[in-house]
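The structure appears below as structure tokens.
So this is what it looks like as structure tokens:
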């Protein structure tokens, strides 16, 4: 067993005394060696993430999961939890359109082993990025979408999204990454993929929701531009925020300058958000996240 | 004459060729020693700021102003310009309510000679900050405003703002700083003080306009909070932005944490914006600014 | 008893399994309501900070301290710990020279209740800042130091530092803050005040140790300047770092510009570092710190 | 002729009055439309960069160069200048070892048209990155270097560097980018390639020069780590700095965490520095740079 293999427990429930003691006591009795432990309590809710050395326990992840289930039960029906094994690789599918920068960045990180994930497929509504994807040995699926003037646009979209859904679901991925995918995910997919569909929006939300955020930013004359990585929900650009960051612009930056410079922050923010998601560091509660970095 | 005394020319007009040559030629003929020169052209408009060593010219600021007027005239009626003299101190009046942090910060900077300004008065709609102001030897004017449940609230506000206006205008200040002044400036004062009334808003605008921005930010779960220094206009929190900055927050930050931590960025952003305004580094064009830092 | 009164336990010892369980179990048995809990393990050492609601325990801080001592004992002679009570205000003494900005900033934060501390005295080796200090109702002690050309400089310094020591020690302060104090603390005072003497150095250490760091930075042509808050040790500018931050400069920034702009980051970094120290968030281990922000 | 083609003049000389007027007058007489103009004066030296619309001049870059030479001559033998044409692509060669992240990032930016450069070749002292390079259609040259225990290490290095030199010089590149090339460039190559050889060092220089900067940073317990893009000179890690940036770390970051997180800042800082170099925005003066961003 690899030396740095971990079992990761995430758990949340209504706040009360004794939760930390119960969970850490449970792990201590088993001889579990905790390498990372983080807690948060707020708005009357409690959250924790514990990473335990796999080789410190006398059994595997399934047994740990079974035993932890009993502990979690003590905290009532609202308790939410999972136990994952860093030895079992996570899987992801990427959705793209034409902008290559986020895709290129993620492919580089994945191929360099920087992100703990297997990339099963990339789906594009245009073919532009097929070559880049296939050069990395990843299957590219082209699912065309109807153009803006197509008279049967709405039906066409439904059909296209159905194809996307079938491809995605065939992999049961842990993350469906909208890496500058320029189509609005329908509500039923947001729901089906809740907590797994990760979007990068090229503004500091809630500023400049919707289309052409850099144009909006230029128009308003802001002195910083940003990017937001969030879970996709039916409410456009309003899902739980995982990560945000900004860079400074000034009067000399045209819209194309902002587009170009913003790519640097989009790449970073998406890569960070995705990493935290894959490492089970993000706990969603209502429309907010607790991120145990 | 002080060695570092400067005459500062700011100028803007519709863009065309030869403007830089005309202005720099004008200064060169006079033997003017340019110590700072900045240009910007965008959206078909041209902007420049030139700082000339006062001792390099054979005459004073009035003569320079008179001669430059002739140059500016060549660029048509839309040209906007001014010539200021760093040897003539600028004046400011501050408007405050109860929050001391921006006031305290500005008083410290002014008394340490860090900001090139004479503070003529501080006006407060509460008396809380009178002691702090008077300890710095600055007159404090208390102008009470009607409370939220006062039946004659609207008339009362009109009368109070009229008193504020009289005090402010008695100093003809170069800057009227709303240093966390919790009353909305009426449209006619925004207009009268256009380009001189500087507000600090405790959010990264256009996010979280209006009341209680930190509560809004906490509610939305953003990962950065910010502050915006802008010229006050009749359109609330929508005036030309001079400066913005942000700091990172996380799930552990409560609203009071955000309020406390946000003060650090409010102080900085206001002090920077005010400095640039006082140094004639901010040129307003439409609803945007060119800031020659 | 105030609602937000906390008992804060900090504890560190050689790492092993079961520490979290033991401490949280101990608190759970007492019914302790943990409002903040942070852990870190690294380099074979374990660190934790726990904040417990005072009103959740059936006794006061002395009893908690006595009981926790028994728990701590189980982890051997290398275990280091303390239990503090946020209801008992911490005390600080400030040492200054002539630069007012850090002093002014801290006085403002303290008078606004932003920093949980009582300021017992300010000691200056020059009298320049006496007025500012006394305006805040804080006693100022002037302890002159011999000038650089004084033939008895060394003896004079010994005598001056002895006076400083006497004043400081008369308050037994929790923090001795060198707020731009331009004298090098002798080794025996660094030792006596180990873990309590907090310095702000105006560079991003370890760059530009020693004198005139902004001159050094300008000379080297760096693109960022910084400030470092650290515990003072006998090894000049090499003590455990509590906090650092930087701001961007460019070729247009002269040394005086850097000095002026650097003040903004010195103020912030010192205020943050001092806050974390006062809130018992900083655990020193060797020459490094664990900061549970 | 492309609409956005520019001729870019960079010029520096001992400071005096009238330089701006002379250069802008020269351009105005020709009808030159200046789209970007930046000036800096400091340490008695004057610097400028002017970008002129190519289609606003009645002749090509060679004629402009010839005419500008006469203007530059007026400012004495110390004046340094060049005139470049954005319509003529710049060329670059990259030197790499095994770390892929900077290489991958630059390949992505170049293939997306984000950096105005033609990449002629990548030279590696290991073969690891050949596949990545060739997938982008760029020739990869493997030049092995002697290992650390090779008895003829010194001679071997001389021979290897001679091969590197031959390959590089065969392209006469405008930029020789050391994209995490883990061999120290010999003094004669630093000299031959002065102002063209660009290195990325994985620390905030002058902190942590030399080998294993992240280990040094971890050892010192700094709270920020950085990266520095600079021109290579014979004095290791001491050349003129083009760009620097930092990211926050804390006690939880191990050396491998710093290595991983530092990559994000290395990539960005190198890409920014290279872009400014390629756009003729960097003027070197002594051991410092003026960067007209």
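Protein chains in written order, with the UniProt record's numbering: chain A, 1 to 293; chain B, 1 to 293; chain C, 1 to 293; chain D, 1 to 293. Cβ atoms here follow ideal geometry from the backbone N, Cα and C, with glycine treated the same way.
Cβ separation of residue i and residue j, assumed to be a contact under 8 Å, to the nearest whole Å
{"i": "residue 123 of chain D", "j": "residue 164 of chain D", "result": "6 Å"}
{"i": "residue 226 of chain B", "j": "residue 245 of chain B", "result": "6 Å"}
{"i": "residue 84 of chain C", "j": "residue 8 of chain C", "result": "5 Å"}
{"i": "residue 241 of chain D", "j": "residue 230 of chain D", "result": "5 Å"}
{"i": "residue 312 of chain A", "j": "residue 121 of chain A", "result": "Since the first residue of chain A shown is 1 and the last is 293, residue 312 of chain A is not available in this structure."}
{"i": "residue 267 of chain D", "j": "residue 101 of chain D", "result": "6 Å"}
{"i": "residue 51 of chain B", "j": "residue 21 of chain D", "result": "With a Cβ gap of about 15 Å, residue 51 of chain B and residue 21 of chain D do not count as contacting."}
{"i": "residue 103 of chain D", "j": "residue 57 of chain D", "result": "Rounded, the Cβ-Cβ distance is 38 Å, inconsistent with contact."}
C-alpha distance - residue i paired with residue j, whole-angstrom precision
{"i": "residue 1 of chain D", "j": "residue 283 of chain B", "result": "Residue confidence for residue 1 of chain D is low, a pLDDT of 45 falling below 50, so the modelled location carries little weight; the figure read from the coordinates is stated next. Using only the alpha carbons, I get a separation of about 34 Å."}
{"i": "residue 286 of chain D", "j": "residue 194 of chain D", "result": "12 Å"}
{"i": "residue 216 of chain C", "j": "residue 204 of chain A", "result": "37 Å"}
{"i": "residue 147 of chain D", "j": "residue 207 of chain A", "result": "54 Å"}
{"i": "residue 256 of chain D", "j": "residue 114 of chain A", "result": "11 Å"}
{"i": "residue 69 of chain A", "j": "residue 125 of chain A", "result": "42 Å"}
{"i": "residue 260 of chain B", "j": "residue 183 of chain C", "result": "32 Å"}
{"i": "residue 44 of chain B", "j": "residue 105 of chain C", "result": "44 Å"}
{"i": "residue 253 of chain D", "j": "residue 38 of chain C", "result": "15 Å"}
{"i": "residue 73 of chain D", "j": "residue 79 of chain D", "result": "7 Å"}
{"i": "residue 89 of chain C", "j": "residue 62 of chain C", "result": "16 Å"}
{"i": "residue 49 of chain D", "j": "residue 277 of chain B", "result": "26 Å"}
{"i": "residue 281 of chain B", "j": "residue 174 of chain C", "result": "45 Å"}
{"i": "residue 65 of chain C", "j": "residue 59 of chain C", "result": "10 Å"}
{"i": "residue 180 of chain C", "j": "residue 130 of chain B", "result": "29 Å"}
{"i": "residue 30 of chain D", "j": "residue 24 of chain B", "result": "16 Å"}
{"i": "residue 144 of chain B", "j": "residue 271 of chain D", "result": "56 Å"}
{"i": "residue 152 of chain A", "j": "residue 159 of chain A", "result": "11 Å"}
Nearest neighbour of residue i, chosen from the options [CA to CA]
{"i": "residue 128 of chain B", "options": "B/243, B/32, B/141", "result": "B/141"}
{"i": "residue 289 of chain B", "options": "B/5, B/12, B/236", "result": "B/12"}
{"i": "residue 67 of chain D", "options": "D/150, D/49, D/26", "result": "D/26"}
{"i": "residue 76 of chain D", "options": "D/28, D/19, D/292, D/269", "result": "D/19"}
{"i": "residue 189 of chain A", "options": "A/138, A/157, A/144", "result": "A/157"}
{"i": "residue 169 of chain A", "options": "A/22, A/264, A/92", "result": "A/92"}
{"i": "residue 134 of chain C", "options": "C/108, C/213, C/292, C/150", "result": "C/108"}
Strand pairing of residue i, partner residues [DSSP]
{"i": "residue 36 of chain D", "result": "D/51"}
{"i": "residue 231 of chain D", "result": "D/198"}
{"i": "residue 190 of chain C", "result": "Answer is none; residue 190 of chain C lacks a bridge partner."}
{"i": "residue 6 of chain A", "result": "A/53"}
{"i": "residue 59 of chain A", "result": "None, per the DSSP bridge assignment."}
{"i": "residue 243 of chain A", "result": "A/229"}
{"i": "residue 248 of chain A", "result": "A/224"}
{"i": "residue 142 of chain D", "result": "D/124"}
{"i": "residue 11 of chain A", "result": "A/48, A/81"}
{"i": "residue 42 of chain B", "result": "B/45"}
Own chain, CB closer than 6 Å to residue i, minus 5 neighbours either side, in chain order
{"i": "residue 17 of chain C", "result": "none"}
{"i": "residue 248 of chain B", "result": "224"}
{"i": "residue 232 of chain C", "result": "185, 190, 197, 199, 239"}
{"i": "residue 178 of chain C", "result": "95, 199"}
Close beta carbons around residue i, own chain, < 8 Å, minus the five adjacent residues each side
{"i": "residue 236 of chain D", "result": "184, 209, 210"}
{"i": "residue 5 of chain D", "result": "53, 54, 55, 85, 86, 87"}
{"i": "residue 187 of chain B", "result": "234"}
Same chain only: Cβ atoms within 7 Å of residue i, ignoring 5 sequence neighbours per side
{"i": "residue 273 of chain A", "result": "198, 229, 242, 243"}
{"i": "residue 110 of chain A", "result": "117, 119"}
{"i": "residue 15 of chain B", "result": "41, 44, 45, 46"}
{"i": "residue 99 of chain D", "result": "180"}
{"i": "residue 97 of chain A", "result": "124, 125, 126, 180, 181, 182"}
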